[in-house]
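Mapping the sequence shown onto full-length UniProt numbering, position 90 (from 1) lands on 90, and the numbers just tick up by one. The beta carbon of each residue, even a glycine, is placed where N, CA and C say it ideally should be. Every value quoted in this text rests on a predicted model; they were computed, and no experiment measured them.
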Amino acid sequence: MKTNRDAWCSMSSIRYAKVLFDLGLSREETDRAERIVEETPEVVRVLHNPVVTKEEKHTVIDRIFDVRIRNFFKVVTDCGKADAIPEIFRAYHQYRDQMAGIVTAHLAYVVPPTQEQKAGMERFICRELHAAGVIWEMEERPDLIGGFRLLVNGREYDYSMQGRLKRLEQKLTRR
């Protein structure tokens with residue numbers, strides 16, 4: 001199964017994300033800072049540039065970001081991790097969802113599920129993993145032949161024809 005490389009985060013980014021979460025900032029504050037980073041990638045380049053002095057970087061941070069998040073960016077920049085800021089925000093969202101009991105489910109399908117089927121899968125996921133909610137990542141996969149494959153928290157539920165044929169082949173070749 002193809003993995004989502006965008007979801008992968010380094011351990012240092014995860015640690016910074018936990019610190020960012022522990023700051024107790026509002027969703028608006030973190031979203032505003034993330035939007036600045038996304039819309040102006042030059043900010044990250046300047047903050048990561050070794051030619052720019054520490055004082056100049058701090059001045060840029062003071063001019064651009066809100067008061068409550070400035071020190072976080074200063075520490076990240078001073079530690080030479082400014083290039084990881086987008087990844088830190090990605091890890092922050094994952095950690096925030098985890099703390100809220102929300103899991104991400106990757107659904108690979110041949111035919112898109114109906115709302116009723118999707119609601120049933122969501123109830124199953126919430127019951128099995130004691131989750132409060134589900135964020136869906138949907139992927140159309142004609143190679144599954146039929147059915148679907150669900151991946152949640154490292155657990156795979158394969159109800160595809162491709163998976164069934166593969167299991168049947170394994171049973172027949174073991175004898």
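| Asked | Found |
| --- | --- |
| Proximity to residue 148 [Cα-Cα], best of 13, 114 and 100 | 114 |
| Nonlocal neighbours in the same chain, by C-beta distance under 8 Å from residue 95, ignoring five residues either side | 14, 17, 18 and 21 |
| CB contact flag (residue 132, residue 101, <8 Å) | yes |
| Rounded C-alpha distance that separates residue 99 from residue 137 | 19 Å |
| Cα-Cα separation between residue 31 and residue 54, rounded to whole angstroms | 25 Å |
| Collapsed DSSP secondary structure at residue 109 in the structure displayed | strand |
| Beta carbon of residue 88 nearer than 8 Å to that of residue 105 | no |
| Three-state secondary structure assigned by DSSP to residue 70 | helix |
| Strand pairing of residue 133, partner residues [DSSP] | 102 |
| Closer than 7 Å: residue 171 CB and nearest the ligand GDP heavy atom | Although the ligand GDP was asked about, the structure shown includes no ligands whatsoever. |
| 8 Å Cβ cutoff met for residue 33 and residue 66 | yes |
| Proximity to residue 86 [Cα-Cα], best of 142, 171, 109 and 8 | 8 |
| Three-state secondary structure assigned by DSSP to residue 65 | coil |
| Residues near residue 44 by beta carbon distance below 8 Å, same chain, minus five either side | 37, 82, 83, 85 and 86 |
| Local conformation of residue 6 per DSSP, three classes | Model confidence at residue 6 stands at a pLDDT of 48, short of 50, so the residue's coordinates are unreliable and nothing is read from them. |
| Secondary structure of residue 151, DSSP reduced to three states | strand |
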